[in-house]
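In this text, residue positions in the sequence shown follow UniProt numbering: the first is 1, and each later residue adds one.
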Amino acid sequence: MAQTGFHRRDEPEAQDRLVAWAEDVGLLRMRERRRGPAPDRHTGSGVVRSGYEPCLLALLRVAVSEDPGRGFPTWLLESLARTGHLAQAAELAYATSGRSGPGDTLVALVEAAAHAGDLQGAQALAESIPERDAHDRALVALVPAWARGGERGRAVALAERVRYPHHWGRTWATLAKAEADRGDMASALECAARADELASMAGGVASPDVLALLVEVAVVAGDAAWAAELADRMQSQAAPIGYDRRQGGLHPLARVLACEAIQGDLRRIDALLSSPDESADADVDLPRTDGQAAREDPEPDPDCFIHLLPDPRSGPPVDARVMADLVHAVAETADHDLALALADRAERLLDTGTGRHSHDLLEAVILLLAGRGHHLRAMALADRFDEPSLRSARQARIVREVARHGDVDRAEYLARAITDQPAGAVALVGVVHELARRGLLDRAQELAGSFTDAWDRDEALTAVVHGLARQGSMSRAESLASSIVHRAARARALASLVELSPPPRARRLAAQAVVLNGWAAVLDVLEPIVPRAAVTVADQLGRRVPEPVSS
């Protein structure tokens, strides 16, 4: 959701925004309360009355000049790249880079331009990057983009030009994934085999993230035998070791285990969760949950599991971090019995004492159970959090998951049963969001009106405003938005209407949001209808950058 100040906004799609509306509600509440209430009279409703674009751009210039913030955040440069101003974005990246140089920012701009369809511009920028590793990473990002655009020959030629061996495996693996996404499974398997070969040549063995990509491609392409072989190799590497989660996404081992779990095969996760003594006695040829006959595996070579032997202090080879990612990976797609089977295994791991990341696993299991209708079991697990604030926050999340999966009546009952008042309010706001998402707008508005706290009521009403707009009731949505008290919350509600309105009306609504809460509140939603908004902001910011002092 749009907020004030310089930040990177990685928002979900509009239909999901009502569900994942704010992970840190307390921080959002504090920030927006600090912004204060909207003016009683002048809220910008008379600005850009006819939706005239030059007037909105002039208003943006004024808003930037009055904003105390300074600098060119990466998300603004990416907005420039997406709206046809890639060259200016690159110039600003060079001009404002620190000691580490503009490499990471330039790669982000290449990705942004490619995602917006400007493959030629993205290619030109990638070729201009002087720092060799950043140049390579930009080419790696472009390879699948060209393939998805139907230019397989160009993608292959680009992949051949990647300089450094440590990028080879990922380059061809992402190309294989792009080909699989396009439905060309023969080409996908060919590129995947090349990725495996080059990764082995470069470092003796493919990295965990490359192996995970290859497993996913092999599964989609229907080569179950090769997928199992790749998974065995990852297992023998002890993939949990040395993985930097700051790279984002799911743990590579969790991705591989998820591929097998979705097919009903839990043997590998069971073997990894067992202690060494239990693994020696266990029958790993467990029946598949999908009813297919289990394959007969040869007696495992103890040497190939040497890296999986746990530290005596660390418990099973699969730690809470990997198990939490596995639960997240299958929570939405697995059938009911399989989801519960994984929840059982995760609870057993929690009972062993998981140390670091145990809270991550506990939360993952709680959300899975809540979404599968086992809210009482989820609430019991939430009691494991010793800190009262953590416990009540997880109870609120359980309510939101119960509502998200359709049982809004039970969710409302559970929300009202939460004894911690702020957490109960957060839970009820989540129920309003889900009611609005499902089109139950009268009930959502009635529940929103029952809040005694002004900000809680405002946050609930933003969901109703968006729901009304989705149903085409724009006049009613605008009228309800005008009743929202806090200026930042009202600006967010208006910004959500911008995305669903025709351009003239959208520009008028955007102007109101700018008057209420500044230019950053609307810049992202203006991209499709006012592409010049980003460059207008950047030009105005550039005028405020002080000239270097001459010696």
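Cβ atoms here follow ideal geometry from the backbone N, Cα and C, with glycine treated the same way. Everything numeric in this text was worked out from a predicted model, so none of it was measured.
Contact check for Asp-458 against Ala-489 passes: the beta carbons are separated by less than 7 Å.
Gln-120 and Gly-183 have their C-alpha atoms some 24 Å from each other.
When only Cα atoms are considered, Val-525 and Arg-82 end up about 12 Å apart. The C-beta distance from Val-64 to Gln-540 rounds to 4 Å, short enough to meet the 8 Å contact threshold.
Across the structure, Leu-273 and His-135 are spaced so that their CA atoms are roughly 41 Å apart. The criterion of a C-beta distance shorter than 7 Å is not satisfied by Leu-59 and Leu-77. In this structure, the beta-carbon distance from Ala-423 to Ser-450 does not fall below 7 Å. Residue Leu-142 holds the alpha-carbon nearest to the alpha-carbon of Ala-113 among Ala-95, Leu-142, Ala-477. Distance from the CA atom of Asp-386 to the CA atom of Pro-68, rounded to whole angstroms, is 41 Å. Within a 10 Å sphere around the beta-carbon of Gly-439 sit fewer than 16 other beta-carbons, which makes this residue exposed. One Cα belongs to Leu-266, the other to Ser-97, and the distance between them is close to 48 Å. Among the bridge pairs identified by DSSP, His-486 is matched with Pro-37. From the listed residues Tyr-164, Ser-207, Leu-461, Ala-221, the smallest Cα separation to Ala-178 is found for Ala-221. By alpha-carbon distance to Asp-196, the top candidate from Ala-469, Val-217, Ala-180 is Val-217.
Val-62 and Leu-80 have their C-alpha atoms roughly 19 Å apart. Annotation: the continuous alpha helix (DSSP H) that includes Asp-458 extends over 454–470. Just so you know, the alpha carbons of His-466 and Ala-491 end up roughly 12 Å apart.
Taking the CA atoms as reference points, Val-107 sits about 27 Å from Glu-190. With a cutoff of 7 Å on beta-carbon distance, Val-215 and Val-256 are scored as near each other. In its chain, beyond the 5 residues on either side, Glu-53, Leu-56, Arg-507 have a beta carbon closer than 7 Å to the beta carbon of Val-530.
Scanning the region 137–171 from its first residue to its last, the whole alpha helix (DSSP H) runs of 4-plus residues come out as 152–160.
Our two residues, Ala-331 and Leu-250, have alpha carbons roughly 13 Å apart in a direct line.
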